[in-house]
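Quick note on numbering: the sequence shown equals residues 1 to 469 in the UniProt record's numbering. For every residue, glycine included, the Cβ atom is placed at its ideal position computed from N, Cα and C.
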Amino acid sequence: MTSPTSPSLRIVRLANFVAPASGGLRTALRELGKGFRVAGHEPVLIVPGERHTDRDTEQGRVITLPGPVLPGTGGYRVLTDKQRVAALLEDLAPDRLEVSDRTTLRWTGRWARRARVPAVMVSHETADGVLRTWGLSENLSRRAADALNIRTAHTYSRVVCTTEFAEREFVRIGARNVVRAPLGVDLADRHPSMRDLGLRARHARGDEALLVMCSRLSVEKRPGTALDALEALLRRGRRAVLVVAGDGPLRARLEQRARDRGLPVTFLGHVTDRALLGALQASADVALAPGPAETFGLAALEAMACGTPVVASASSALPEVIGSAGATAADRGEAFADAVDMLLERPEADRREAARARAECFGWGTAVEAFLAAHDAVVVERTDGADVTPTAQSRRADGDAPAPLRSEALDASVASRPGVDETALPARRADGDASSRSRSDAREASAPSRPDAYEASAPARRVVAEGVA
Numbered sequence: 001m002t003s004p005t006s007p008s009l010r011i012v013r014l015a016n017f018v019a020p021a022s023g024g025l026r027t028a029l030r031e032l033g034k035g036f037r038v039a040g041h042e043p044v045l046i047v048p049g050e051r052h053t054d055r056d057t058e059q060g061r062v063i064t065l066p067g068p069v070l071p072g073t074g075g076y077r078v079l080t081d082k083q084r085v086a087a088l089l090e091d092l093a094p095d096r097l098e099v100s101d102r103t104t105l106r107w108t109g110r111w112a113r114r115a116r117v118p119a120v121m122v123s124h125e126t127a128d129g130v131l132r133t134w135g136l137s138e139n140l141s142r143r144a145a146d147a148l149n150i151r152t153a154h155t156y157s158r159v160v161c162t163t164e165f166a167e168r169e170f171v172r173i174g175a176r177n178v179v180r181a182p183l184g185v186d187l188a189d190r191h192p193s194m195r196d197l198g199l200r201a202r203h204a205r206g207d208e209a210l211l212v213m214c215s216r217l218s219v220e221k222r223p224g225t226a227l228d229a230l231e232a233l234l235r236r237g238r239r240a241v242l243v244v245a246g247d248g249p250l251r252a253r254l255e256q257r258a259r260d261r262g263l264p265v266t267f268l269g270h271v272t273d274r275a276l277l278g279a280l281q282a283s284a285d286v287a288l289a290p291g292p293a294e295t296f297g298l299a300a301l302e303a304m305a306c307g308t309p310v311v312a313s314a315s316s317a318l319p320e321v322i323g324s325a326g327a328t329a330a331d332r333g334e335a336f337a338d339a340v341d342m343l344l345e346r347p348e349a350d351r352r353e354a355a356r357a358r359a360e361c362f363g364w365g366t367a368v369e370a371f372l373a374a375h376d377a378v379v380v381e382r383t384d385g386a387d388v389t390p391t392a393q394s395r396r397a398d399g400d401a402p403a404p405l406r407s408e409a410l411d412a413s414v415a416s417r418p419g420v421d422e423t424a425l426p427a428r429r430a431d432g433d434a435s436s437r438s439r440s441d442a443r444e445a446s447a448p449s450r451p452d453a454y455e456a457s458a459p460a461r462r463v464v465a466e467g468v469a
């Protein structure tokens with residue numbers, strides 16, 4: 001294997017379902033873009049918006065193209081003009097393509113193959129998990145997800161999953177081009193010192209437990225479970241209140257439910273002030289993360305960085321993320337209430353220290369390095385003196401700590417998995433003077449020439465044969 005490419009790369013990133021009031025995806029796009037830029041690369045982000053804009057930002061160039069609002073999503077827009085997007089991609093001439101939408105933008109993988117541009121799809125949610133939250137049966141959800149994932153793995157050079165949980169549905173279909181790259185948290189921006197006793201007093205009395213949920217209020221996030229948990233706690237005699245930071249299509253229904261049942265819930269809507277949101281997370285006793293389809297859970301990780309333990313859905317990836325510093329529960333209010341009670345029984349100093357220590361395993365430096373490895377890219381230069389490599393804290397040998405994915409170990413880690421074929425990996429540049437060549441020539445040299453990047457299992461082949469695809 002040759003070493004990862006050294007020239008600066010133009011990494012064009014595409015995302016749908018991004019809105020001013022959206023949270024985790026916007027944060028991930030921003031922080032990764034900043035890291036790519038600091039590492040000496042040229043990130044370009046294309047997202048939908050109300051009108052066309054083109055700005056240079058701390059995360060690199062950000063281009064918005066007009067896209068309609070998707071009904072019933074609470075403001076999410078989508079890029080629907082394929083010709084315009086394709087023309088922009090041709091004009092940008094990317095060295096790498098990174099797509100954060102596995103449904104409406106999957107066609108860009110085919111564009112990348114024709115243009116011989118190595119392309120990565122980032123899996124931000126599990127397909128079968130989302131389908132189940134929409135009411136599909138487990139069997140039908142799995143069959144539909146397998147069909148979708150076969151096409152995704154076939155179309156892209158690599159599929160990036162942020163956790164082992166997210167990776168499972170691709171392993172299930174025999175995908176051979178899956179790599180792991182965690183997300184992260186800004187450990188300076190989120191810190192226990194943000195705790196604000198005055199803010200806490202505005203929401204909870206001294207003897208009340210302050211619960212917080214920072215989440216989009218949509219069906220796949222299951223926000224109603226948080227209200228169920230609060231109601232169960234109150235029935236037991238536990239004095240508690242809930243503050244909800246987030247907006248979405250279910251907000252009105254949840255507000256009505258809280259009023260009807262007399263629940264002490266405060267709905268803040270989307271909180272644009274990052275400092276205020278951090279203070280709220282740091283001032284809470286427990287944060288709730290009930291989404292069963294979460295593949296990482298940035299809001300939960302931010303709460304832990306603030307020293308606040310998290311109760312998360314056992315059906316999600318968050319058990320991997322929170323480790324023993326939080327608690328997991330079945331997707332029922334009573335189970336979440338049990339987990340809250342268990343955490344509150346621990347000494348406050350111990351639970352807060354454990355939450356912060358766990359979050360320190362997930363700095364953004366580790367995430368940036370892993371995503372660059374997925375692109376076969378390395379740190380070219382430090383444009384502002386910042387370090388994008390993992391910190392000592394993120395590398396520590398804590399049994400709960402995630403293993404950072406290092407560039408030089410990327411292919412070994414992938415190829416060591418059962419059923420993995422190294423020929424399915426994108427070809428690396430062997431020409432040491434690629435930086436002196438034209439961008440198009442360098443891209444041609446680095447483009448993968450591989451067989452189909454997946455090997456469907458027998459069940460997956462049956463799904464396609466039965467026409468689910």
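Residue state for Ala325 is assigned as helix, using DSSP reduced to three classes.
Excluding sequence positions up to five before and after Leu298, its CB lies within less than 8 Å of the CB of Gly23, Gly24, Thr27, Ala28, Leu183 and Val185, all in the same chain and listed in chain order. Of the candidates Pro7, Val47 and Leu288, Pro7 places its Cα closest to the Cα of Ala39.
For Arg202, the secondary structure class from DSSP, reduced to helix, strand or coil, is helix. Closest in C-alpha terms to Gly72, from the list Ala287, Arg251, Arg37 and Val368, comes Arg251.
Note on Glu90: under 16 other CB atoms within 10 angstroms of its CB, so exposed under the neighbour-count rule.
Segment contact: the stretch 7-17 against the stretch 42-56, three or more CB-CB distances shorter than 8 Å; contact assigned.
Between Ala359 and Leu288, the C-beta spacing is not below 7 Å. According to the DSSP secondary-structure assignment, Ala127 is paired through a beta bridge with no residue. Boundaries of the alpha helix (DSSP H) harbouring Val368: Trp364 to Ala374, taken from the DSSP string. Nearest to Ala305 by alpha-carbon distance, out of Ala354, Ile150, Val178 and Leu140, is Ala354. Within the stretch 79-137, the runs of beta strand (DSSP E) at least 3 residues long that lie entirely inside it are, in chain order, 96-99 and 119-123.
Pro118 is not a Cβ neighbour of Leu79, given a cutoff of 7 Å.
Contact annotation: Ala284 and Val212 have beta-carbon atoms nearer than 7 Å. A straight-line Cα-Cα distance of about 8 Å links Met194 and Leu280.
Excluding the 5 residues flanking it on each side, Trp134 has no same chain C-beta neighbour closer than 6 Å.
Secondary structure at Thr308: coil, using DSSP grouped into helix, strand and coil. Here DSSP, grouped into helix, strand and coil, assigns Ile46 to strand. Between Arg158 and Ala374 a beta carbon distance of about 6 Å is seen, short of the 8 Å cut, so the two are scored as contacting. For the 7 Å CB-CB criterion, Glu220 and Ala293 form a contact. A contact is defined here as three or more CB-CB pairs under 8 Å, and the stretch 340-348 fails this definition with respect to the stretch 153-171.
Within its own chain, no residue has a Cβ closer than 6 Å to the Cβ of His191 once the five positions on either side in sequence are excluded. The shortest C-alpha to C-alpha distance from Gly129 to any of Arg236, Asp146 and Cys214 is the one to Asp146.
The C-beta distance from Ala367 to Leu32 rounds to 7 Å, short enough to fall under 8 Å.
Contact annotation: Phe296 and Thr108 have beta-carbon atoms that are not nearer than 7 Å. If you compare the alpha carbons of Leu268, Arg236, Arg257 and Asp228 with that of Asp247, the shortest gap goes to Leu268. Annotation: the stretch 160-223 contains the following complete segments of the beta strand (DSSP E) (minimum length 3 residues), in chain order: 178-180 and 209-214. Listed in chain order, the non-local C-beta contacts of Arg236 below 8 Å within the same chain comprise Ala337 and Asp341, local neighbours out to five positions each way being set aside.
Within its own chain, the residues whose Cβ lies closer than 6 Å to the Cβ of Leu70, once the five positions on either side in sequence are excluded, are Tyr76 and Val78, listed in chain order. A residue is called buried when at least 16 other Cβ atoms come within 10 angstroms of its Cβ; His270 meets this threshold and is buried.
Sorting Leu234, Asn16 and Gly67 by C-alpha distance to the C-alpha of Ser100 places Asn16 at the top. CA-to-CA, the gap between Ala93 and Phe165 works out to about 34 Å. For secondary structure counted as the beta strand (DSSP E) over 3 or more consecutive residues, the stretch 222-262 holds these complete runs in sequence order: 240-245.
Going by DSSP, Gly24 is part of the alpha helix (DSSP H) stretching over Gly24 to Val38. Annotated as proximal: Ala181 and Phe371, with beta-carbon spacing under 7 Å. Under the DSSP assignment, Leu14 falls in the beta strand (DSSP E) whose first and last residues are Arg10 to Leu14.
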